[in-house]
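Working notes for the structure below.
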Amino acid sequence: MALKNKQTVGDKSEHQRTRVYREIQEKKEVIPDSVFDGSIEIRNGELLFTPPRGLGRFPLIMAGENVEIYLNGKKIETPSFINDHDTVEIKTLDTAPSVDLEISIIEDKMKAFLLVKKAFGKKYALIDCKPMQIVKVIARCVIEEEPAPIQYEDVMEALQNKGVVFGIQKDAIMKAVQDTAGEFTVEIATGLFPVESVDASIMYNFQDEDWSVSARNPYGNGKIHSVSLGEIVAIKRPPVPGKPGIDVTENPALVRMPKDVPILIKDGVELINEGTVAIATRSGKPVLEGYSKKYLSVRPVYIVEGDVNLTVGNIKFKGDVIVKGSVYDGFSIEASGSIRVLGDVLHAALYANGDIVVNKKAISSRLQAGGLAVPYKWIYKMLTQLLNRLENLLAAMKLLKAQRAFTTGDLKENGEGQLVKLLIDYKFRDIPPLIYELIEIVLKEENQGLIVDLVQITQHLSQKLCNLGPLRIQHQNEIELLIQELQESLNIVDGLVVNAANIAVSYLQNSVAQANGDIIITGKASIISQLHAEGKIVINSGVVRGGHLSAREGIKVMELGSNKDGEVNISLLDNCVLEAAIAYPGIVIRHATDIKVVQEHQRYLRAQVSKGHLIVENANEY
Numbered sequence: 001m002a003l004k005n006k007q008t009v010g011d012k013s014e015h016q017r018t019r020v021y022r023e024i025q026e027k028k029e030v031i032p033d034s035v036f037d038g039s040i041e042i043r044n045g046e047l048l049f050t051p052p053r054g055l056g057r058f059p060l061i062m063a064g065e066n067v068e069i070y071l072n073g074k075k076i077e078t079p080s081f082i083n084d085h086d087t088v089e090i091k092t093l094d095t096a097p098s099v100d101l102e103i104s105i106i107e108d109k110m111k112a113f114l115l116v117k118k119a120f121g122k123k124y125a126l127i128d129c130k131p132m133q134i135v136k137v138i139a140r141c142v143i144e145e146e147p148a149p150i151q152y153e154d155v156m157e158a159l160q161n162k163g164v165v166f167g168i169q170k171d172a173i174m175k176a177v178q179d180t181a182g183e184f185t186v187e188i189a190t191g192l193f194p195v196e197s198v199d200a201s202i203m204y205n206f207q208d209e210d211w212s213v214s215a216r217n218p219y220g221n222g223k224i225h226s227v228s229l230g231e232i233v234a235i236k237r238p239p240v241p242g243k244p245g246i247d248v249t250e251n252p253a254l255v256r257m258p259k260d261v262p263i264l265i266k267d268g269v270e271l272i273n274e275g276t277v278a279i280a281t282r283s284g285k286p287v288l289e290g291y292s293k294k295y296l297s298v299r300p301v302y303i304v305e306g307d308v309n310l311t312v313g314n315i316k317f318k319g320d321v322i323v324k325g326s327v328y329d330g331f332s333i334e335a336s337g338s339i340r341v342l343g344d345v346l347h348a349a350l351y352a353n354g355d356i357v358v359n360k361k362a363i364s365s366r367l368q369a370g371g372l373a374v375p376y377k378w379i380y381k382m383l384t385q386l387l388n389r390l391e392n393l394l395a396a397m398k399l400l401k402a403q404r405a406f407t408t409g410d411l412k413e414n415g416e417g418q419l420v421k422l423l424i425d426y427k428f429r430d431i432p433p434l435i436y437e438l439i440e441i442v443l444k445e446e447n448q449g450l451i452v453d454l455v456q457i458t459q460h461l462s463q464k465l466c467n468l469g470p471l472r473i474q475h476q477n478e479i480e481l482l483i484q485e486l487q488e489s490l491n492i493v494d495g496l497v498v499n500a501a502n503i504a505v506s507y508l509q510n511s512v513a514q515a516n517g518d519i520i521i522t523g524k525a526s527i528i529s530q531l532h533a534e535g536k537i538v539i540n541s542g543v544v545r546g547g548h549l550s551a552r553e554g555i556k557v558m559e560l561g562s563n564k565d566g567e568v569n570i571s572l573l574d575n576c577v578l579e580a581a582i583a584y585p586g587i588v589i590r591h592a593t594d595i596k597v598v599q600e601h602q603r604y605l606r607a608q609v610s611k612g613h614l615i616v617e618n619a620n621e622y
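Anchor point for the sequence shown: position 16 equals 16 in the working numbering, and the numbering is continuous, going up by one each time.
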């Protein structure tokens, strides 16, 4: 709207308006003009402007709710001065009624939803405002207009524009058409869902959580599990292919192929019915062993009805050994499986690849569970790394040889060893150090019965890929043979890595216990003994008096040390955490070169390794 000036409204002629102005000017010369600020008034939707007089201030105008103000054609965002030469236009922000239909497709195009948003139309009118020097123009809603109802055809057109043509639910559309809510969502198309494939699975008839030795179940409920000749030990449920579906855009919804899993077996087990049923070929204890793959076998079980003494002698058995009595002075038991002694172990030695369980005391004895499982696990990881690196090395050789700019004349004449050496020196520098580390582990364990094949593969790797060995390579086939050897060795080691072997014993005195899993003291105490666990050491209700405890995953003790007995040494490996409900002075805690000692009696002691540093609460440095 244009400005209306109170001084110029009416029917006076130009001459009259000029005369009035002159009369005012003449009066000013005689009588000083009064000072009046200019003002703005909103009346009946119109803006009325009164200019200032004398040294009065020009009025300010600003936009409030539901309006926009344009001063001389430009929208103003901040309070602005106006004078009688300005053009001011005020627009109310009227809105038309609207209905917005939005189609969304989700869940792999198996469902389509309609989102409806309705908005009433609104018309605004300016609110009157008395004359003021600063005015904020505001409009209020005076009319609301209801939006038009949804049309069935509009929904179908929206679906078609989105490509939804299958599984349309007409009843849902009709319900949406009749819905009076301002905003809502409704499912209006559903595809035909595919039937998912079912992977093959293996049910082991002997599996039971109660079988395993753990801190929660140290004796496996005391049961001796076994199967008889011809008994079914595992059944394979074959894979079931799924059925494809159809999505709302009428495209097929494909399903993945099901995974097939074979029953892997070792000694004492035979497969029948096309590999879907495993039966025991001998009586014994069924077990699952292996690292990345699980192999089913039935170990023979040797049961000693009484004690191991002069009458029985030393025992060396390929399978599990169960002693219903005690093991006495100077005798030993070696088992490729597990060992369970229902009585005591006194001045004796037990060696098992599996778990060792002693229901009563072990005094002046040695208990070792896990055998070569620990070195085999490290060897498996290193063989896997080397296999991956050699496969990448071979791929890099093939890629370079395929390049036109790469000269192959020298390779034909002098062999491809130069290329291998070049790649190892610049891109695969980690291969020789990995080989040296593997050799170190293999040589260390060679005298402990490590398989001969591992010694041979380390020799081949060293001869071909370390020092000047690569220069003697004539063709990439030699790398391919090394890869084949690594894969075969990996398969062998995978079957030799047994599950973590644990030790459970009620009372330990002046003894050594070593496990590649956990060590659990179920009874009163560990007295002046050496405990070394690759897993945890758990002594929930007992005490530790003297000796040495070493673990990788955790040590939890009820009472640690005493006022009278010798000091207790604790070694925390990796990120191990020590917790003791009661701790006495004199406890020495180590991690690598960090050594700390507990000086005062404590109700709760906690020590941990964090970022390679030993942290002991309330302990002084040694």
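Positions of the beta carbon are idealized from the N, C-alpha and C atoms, including for glycine.
For residue i, does the three-state DSSP call read helix, strand or coil?
i           : result
residue 575 : coil
residue 522 : coil
residue 484 : helix
residue 469 : helix
residue 261 : coil
residue 89  : strand
residue 328 : coil
residue 596 : strand
residue 489 : helix
residue 494 : helix
residue 506 : strand
residue 614 : strand
residue 293 : coil
residue 569 : strand
Quick one: using the 10 Å Cβ neighbour count with 16 as the cut-off for buried, is residue i buried or exposed?
i           : result
residue 110 : buried
residue 599 : exposed
residue 590 : buried
residue 43  : exposed
residue 444 : exposed
residue 230 : exposed
residue 49  : buried
residue 23  : Low confidence applies here, because residue 23 scores a pLDDT of 36, under 50, leaving its location unreliable and the question unanswered by this model.
residue 464 : buried
residue 194 : buried
residue 79  : exposed
Provide the residue span of the beta strand (DSSP E) that contains residue i, from first to last.
i           : result
residue 137 : 134-137
residue 608 : 605-610
residue 110 : Taken as a continuous stretch (DSSP letters only), residue 110 belongs to no beta strand (DSSP E), as it is neither H nor E.
residue 157 : Premise fails: residue 157 lies in the alpha helix (DSSP H), 152-161, not in any beta strand (DSSP E).
residue 286 : 285-289
residue 95  : Where residue 95 is concerned, there is no enclosing beta strand (DSSP E), given that its DSSP letter is neither H nor E.
residue 39  : 39-43
residue 514 : 512-515
residue 359 : 356-363
residue 308 : From DSSP, residue 308 is part of no beta strand (DSSP E); its letter is neither H nor E.
residue 183 : 183-190
residue 48  : 46-50
residue 537 : 536-551
So, at 7 Å on beta carbons, what are the nonlocal neighbours of residue i in its own chain, with the 5 sequence-adjacent residues on each side left out?
i          : result
residue 29 : Residue placement at residue 29 is flagged as unreliable, the pLDDT there being 44, under the threshold of 50; the coordinate-derived value follows with that caveat. None.
residue 45 : 125 and 126
The alpha helix (DSSP H) that contains residue i, what's its start and end?
i           : result
residue 175 : 170-178
residue 419 : 417-426
Is the beta carbon of residue i less than 7 Å from the beta carbon of residue j?
i           : j           : result
residue 192 : residue 245 : yes
residue 559 : residue 586 : no
residue 35  : residue 55  : yes
residue 112 : residue 105 : yes
residue 38  : residue 52  : yes
residue 503 : residue 356 : yes
residue 551 : residue 564 : no
residue 262 : residue 284 : no
residue 520 : residue 513 : no
residue 326 : residue 307 : yes
residue 232 : residue 251 : no
residue 131 : residue 41  : yes
Leaving out the 5 sequence neighbours to the left and right, which residues in its chain are closer than 8 Å to residue i when beta-carbon positions are compared?
i           : result
residue 434 : 382, 385, 386 and 389
residue 265 : 271, 278, 295, 296 and 297
residue 148 : 97 and 99
Who are the Cβ neighbours of residue i in its own chain at under 6 Å, not counting the five residues just before and after it?
i           : result
residue 209 : Here residue 209 scores only 45 on pLDDT, less than 50, and its place in the model should not be relied on; the value that follows carries that caveat. Taken in chain order, the list of residues that qualify is empty.
residue 354 : 337, 338 and 501
residue 420 : 470 and 473
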